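Chemist: Top line first, the protein sequences correspond to chains A and L. Counting in our numbering, the first sequence runs from 1 upward without gaps. Counting in our numbering, the second sequence runs from 1 upward without gaps. Beta carbons are placed, not taken as given, at the ideal position from N, Cα and C, and that holds for glycine. None of the values given here were measured: they were computed from a predicted structure. Quick one: the structure is below, and I'll ask about it shortly.
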Amino acid sequence: MSVLRELTKYVLRSKTGRVGLALFIFVCLAGILAPIVAPHANDLHVPNRLQPPNMANLFGTDHFGRDVFGRVLHGAWLSLITGLLVSSISATAGIFIGMTSAYFPLFGSFSMRFVDALMAFPTLILALILMAIVGHASFANVLIALSVAYTPRMARLVYGLTLRIREFDYVESARAVGVNHMRILTHHFIPNLVSPVVVQATLVCAFTILGAAALDFLGVGVPPYIPSWGAMVGEGRQYIGIAPWLTLFPGIGIFTLVLGLNLLGDALRDALDPRLKKLL
Amino acid sequence: MTAYIIKRVLAILPTLFFVLAISFFAVRFIPGDPASVLLGDMATTQQVERLKAELGLDRPVLVQFGKYIVRVFQGDFGQSIIYHLPVGRLIWSRTETTASLAVFTMVIILCLGLPAGVLAAVKPNTLLDQSFLVIVLCGASFPTFWFGLLVMMAFAVALRWFPTSGFVSILGTGNLANLRYLVLPAVTLGFSNSALLARMTRASMLEVLGEDYVSTARSKGLRERTVVLKHAFRNAAIPILTIVLFTFAGLLAGTAITETVFALPGIGLLLVQSVMQRDYPCIQAVMVVVAFLYLFISLVTDITYALLDPRIHYGE
Chain A
1 MSVLRELTKY
11 VLRSKTGRVG
21 LALFIFVCLA
31 GILAPIVAPH
41 ANDLHVPNRL
51 QPPNMANLFG
61 TDHFGRDVFG
71 RVLHGAWLSL
81 ITGLLVSSIS
91 ATAGIFIGMT
101 SAYFPLFGSF
111 SMRFVDALMA
121 FPTLILALIL
131 MAIVGHASFA
141 NVLIALSVAY
151 TPRMARLVYG
161 LTLRIREFDY
171 VESARAVGVN
181 HMRILTHHFI
191 PNLVSPVVVQ
201 ATLVCAFTIL
211 GAAALDFLGV
221 GVPPYIPSWG
231 AMVGEGRQYI
241 GIAPWLTLFP
251 GIGIFTLVLG
261 LNLLGDALRD
271 ALDPRLKKLL
Chain L
1 MTAYIIKRVL
11 AILPTLFFVL
21 AISFFAVRFI
31 PGDPASVLLG
41 DMATTQQVER
51 LKAELGLDRP
61 VLVQFGKYIV
71 RVFQGDFGQS
81 IIYHLPVGRL
91 IWSRTETTAS
101 LAVFTMVIIL
111 CLGLPAGVLA
121 AVKPNTLLDQ
131 SFLVIVLCGA
141 SFPTFWFGLL
151 VMMAFAVALR
161 WFPTSGFVSI
171 LGTGNLANLR
181 YLVLPAVTLG
191 FSNSALLARM
201 TRASMLEVLG
211 EDYVSTARSK
221 GLRERTVVLK
231 HAFRNAAIPI
241 LTIVLFTFAG
251 LLAGTAITET
261 VFALPGIGLL
271 LVQSVMQRDY
281 PCIQAVMVVV
291 AFLYLFISLV
301 TDITYALLDP
311 RIHYGE
C-alpha cells in the first residue's frame, strides 16, 4: 500500500527512525539465528551451574547450568511474536469497534461507555486480572489478556478519527455525489486511518512486550518451559547477589527491542499529519 | 459552570455502571464458585451449599448484581479469603504506602519531565533537545522490574545507601527518615514515567513559543527567561496539567510491579498477591477502587480544564 511505503520513507529519513529500525531488525535476526547458533540452549548441565560469563558461555550459565546467551537469543521469539500478534489483534478489533461505533451512534454511545470503563483499569492490572480469570498460564491466554487490555485504546483512537474523517469536505462531497458506502470506506476512511493506526500499533507493540515481560516476571505469564526474557529476570532475581548476569542480559534484550520500537514509533509519529498527531 | 459540572458528573455514571459490571462479572467468570474457594478443598457439599445461601449466591444473578452495587457504595467489599479481614480495611491499611510512593514519584517526574521538556523546546532540534529525547525514551523502554533490580543492586546492595526493600510507616511513627525506603522505588517509577510529561511539555511549549504574543514580549526587550517562564510556560500549562493528573492516576495503580520488586506493602502488591492466591473479593475490591480513582481524577481534570481555559464553552 502506498501509505505504508510513504511511512517507510519517512522512517528512513529520520535518524531516530533508522536507529529504531536497526535495533528492531537486530532483535529479529537474534531470534532467527537462535536455533542455528544455540541449538542446545535449553539443555541442563547442573554441574556447570551459575558460571560467570566466559568463552564457552558468553553470558554465563543459570541455576540449571543452561547457557544464558542461547536462552536470551531464543527469548527474542516470544517477545517479538507476542508484541506483533497483540498489536495486530488489538488494531483489527479496535478498527472494527471504533468504526462501527462511529457509524452507528446509538451503538456507539453504548459501546464507547464500555470502552471507557475498560480504560479506567490500568492496562497491566487489567491483563493481570484477566490472567486470573482465564485460569492458567499459557501463551494463548497471555495473548487474550493483553489484547483485551490494549483494544480499548485502539478503539478510542479509531472512533475519534472516524468521527473526524466523516466531517472532511471531500468525504461529504463523495457522499453527496452518491458514491456508495463501500467505496467511501475503502477509498477515504481506510487510507486516512492507516498511518495513525500503524503508529499506535508500533507503540502498543512496545507496551505489550513490556507488559508480557512483566506478567512473565511475576510468574503468571507463559509456562516456564518457554524461554522468556521476563521469566528469566524473575528467576535470576533470587541469584542477583551471586550471579547478576542472569538478570542483566535478558533485561538488555527487552530494553533493546522496546527502545527500537519506541524510536520507530516516534519517527512515524513525527512523519504524520500534525493535525492527527494530537490524537496519539 | 455548575451546569457543566453536573453534566460531566452525569456523563460518568454509565461508565461507572460498566466498571461495576466488569468487576462483578469478571469474578463470576472465574472457574469454580467463590463458596468452594472460600471453604477450601476439604469442605463438604452441605457446607458449600450453606455458605452459598449465606452469601446470597443461590439468588438470581441480577439480584446479586444489584446487591453488589449497594454494598460497594456502602464500602463493603466482603471478607478477604487469605487474610480473613474485611477487604475495605485491608486496602485502607495499604493506602499509606501506595499514596506516599505515588506522591514521591510524582515529585521526581515533575523534577525530571518539566525542565527537560521546557529546555528541549527552547532549543529545538539541537544536541540538547535530542539527548533529552533519547534519555526520556530510554526511561520509557526499561522494564520497570528490571530497572528496579539494577537500581537496588547498585544503591542498596553495593553502596548500601538505601534499604533494599520493605517499608516502615511514616504517619504511624512520625519519622520522616522512613522516606528512605521509598527513594529507590520512586526513582525507578519516576524515571520510566517521565517520558510522556517531557514530551507533552516540549510539544505544548513549542506551540506557544511560536505565538505572536511571545514575539511581542521578546521585542519589548524582556529577558528570555521571563519570556519563557512567564509568557510561554503559563499558557502551555493546561495540557501539561492534564498529563500530570493522568500520570498521577496511572501511578496510584501502576505501582504493582515496583511494589513487588521492593516488597513494599501497598495496594499494588496486595493485588499481585490476590491474583496469585485467587483472593477474589480482594481482586474485585482493588479493581473497583482503582477504576473509581481513575474516573474521579479524569473528572477533576476535565473540570479544572474548563475552569482554567476560558476558551472552553461549557454553556451548551
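Thinking C-beta only, is Y159/A closer than 9 Å to G108/A?
Modeler: yes
Chemist: Would a C-beta distance cut-off of 9 Å place A249/L and Y305/L closer than the cut-off?
Modeler: no
Chemist: Measure the alpha-carbon distance for R175/A versus K67/L and round it to whole angstroms.
Modeler: 50 Å
Chemist: Is A137/A close to chain L, meaning its C-beta is less than 9 Å from at least one C-beta of that chain?
Modeler: no
Chemist: Compare the Cα-Cα distances from V244/L to each of L179/L, F292/L, T255/L and A195/L and report the closest residue.
Modeler: A195/L
Chemist: When the cut-off is 9 Å and only beta carbons count, does V27/A lie next to chain L?
Modeler: no
Chemist: According to DSSP, simplified to helix, strand and coil, what is P185/L?
Modeler: helix
Chemist: Identify every run of the alpha helix (DSSP H) within the region 174-232 of chain A, keeping only runs that are complete inside it and at least 4 residues long; order them along the chain.
Modeler: 181-184 and 190-218
Chemist: Give the straight-line distance between the Cα atoms of C28/A and G230/A, rounded to the nearest whole angstrom.
Modeler: Distance between the alpha carbons of C28/A and G230/A: 17 Å.
Chemist: Consult DSSP for P360/L and reduce its assignment to one of helix, strand or coil.
Modeler: Given a span of 1 to 316 for chain L in the structure shown, any question on residue 360/L remains unanswerable.
Chemist: Of all the alpha helix (DSSP H) runs that stay within the bounds of the region 2-77 of chain A, which reach a length of 4 or more residues?
Modeler: 2-13 and 15-37
Chemist: On a Cα-Cα basis, can you pick out the residue from L20/L, I240/L, F17/L and L10/L that is closest to I109/L?
Modeler: Minimum Cα distance to I109/L is reached at I240/L.
Chemist: Quick one: does L245/L have its CB under 9 Å from some CB of chain A?
Modeler: no
Chemist: Counting only beta-carbon atoms, is L241/L nearer than 9 Å to chain A?
Modeler: no
Chemist: Tell whether a beta-carbon distance below 9 Å holds between A22/A and L73/A.
Modeler: no
Chemist: Which whole runs of the alpha helix (DSSP H) in the region 56-113 of chain L are 4 residues long or more, in chain order?
Modeler: 61-73
Chemist: Out of F132/L, V289/L, G148/L and A120/L, state which residue places its alpha-carbon closest to the alpha-carbon of L73/L.
Modeler: Looking at the sequence shown, residue 73/L is not Leu but Phe. Residue V289/L is the option with its Cα nearest to F73/L.
Chemist: Return the chain-ordered list of same chain residues with a C-beta closer than 6 Å to the C-beta of A201/A, the five sequence neighbours on each side being excluded.
Modeler: These residues qualify, in order along the chain: S87 and A91.
Chemist: For G282/L versus L55/L, is the C-beta distance shorter than 9 Å?
Modeler: For the record, residue 282/L in the displayed sequence is Cys; it is not Gly. No, these two residues do not count as a Cβ contact at 9 Å.
Chemist: Taking just the CA atoms, how far does K15/A sit from I133/A?
Modeler: 44 Å
Chemist: Can we say the region 260-270 of chain A touches the region 196-215 of chain A, given the rule of at least three CB pairs closer than 8 Å?
Modeler: yes
Chemist: If the criterion is Cβ atoms closer than 9 Å, does the pair A35/L and L57/L meet it?
Modeler: yes
Chemist: Between A214/A and P86/L, how many whole angstroms is the CB-CB distance? I'm expecting something under 8 Å.
Modeler: Not confirmed; about 30 Å, so no contact.
Chemist: Name, going along the chain, the residues of the region 285-310 of chain L whose beta-carbon falls closer than 7 Å to a beta-carbon of chain A.
Modeler: M287, V290, A291, Y294 and L295
Chemist: At the 9 Å Cβ level, is S141/L part of the contact set with chain A, yes or no?
Modeler: yes
Chemist: Please confirm if W161/L has its CB atom under 9 Å from at least one CB of chain A.
Modeler: no
Chemist: Could you tell me the boundaries of the alpha helix (DSSP H) in which G172/L lies?
Modeler: I170 to T173
Chemist: Alpha carbon to alpha carbon, what distance is there between A120/A and V19/L?
Modeler: 8 Å
Chemist: Is the beta carbon of F167/L closer than 9 Å to that of W161/L?
Modeler: no
Chemist: For M42/L, decide whether its Cβ has a neighbour in chain A, counting only Cβ atoms nearer than 9 Å.
Modeler: no
Chemist: Work out the CA separation of A76/A and V222/A for me, nearest whole Å.
Modeler: 14 Å
Chemist: For A11/L and V199/A, I'd like the C-alpha separation in whole angstroms.
Modeler: 30 Å
Chemist: What do you reckon, are the CB atoms on N175/L and T247/L nearer than 9 Å?
Modeler: Result no, Cβ atoms of N175/L and T247/L do not sit closer than 9 Å.
Chemist: Taking Cβ-Cβ distances shorter than 8 Å, what residues in chain A pair up with L111/L?
Modeler: The identity of residue 111/L in the sequence shown is Cys, whereas the question assumes Leu. Correct list: empty, because the minimum Cβ distance to chain A is about 22 Å.
Chemist: Mind listing which residues of the region 137-170 of chain A have their C-beta closer than 7 Å to chain L's C-betas, in chain order?
Modeler: none
Chemist: Quick check: the region 98-109 of chain L against the region 119-137 of chain L, are at least 3 beta-carbon pairs closer than 8 Å?
Modeler: Too few Cβ pairs lie closer than 8 Å, so no.
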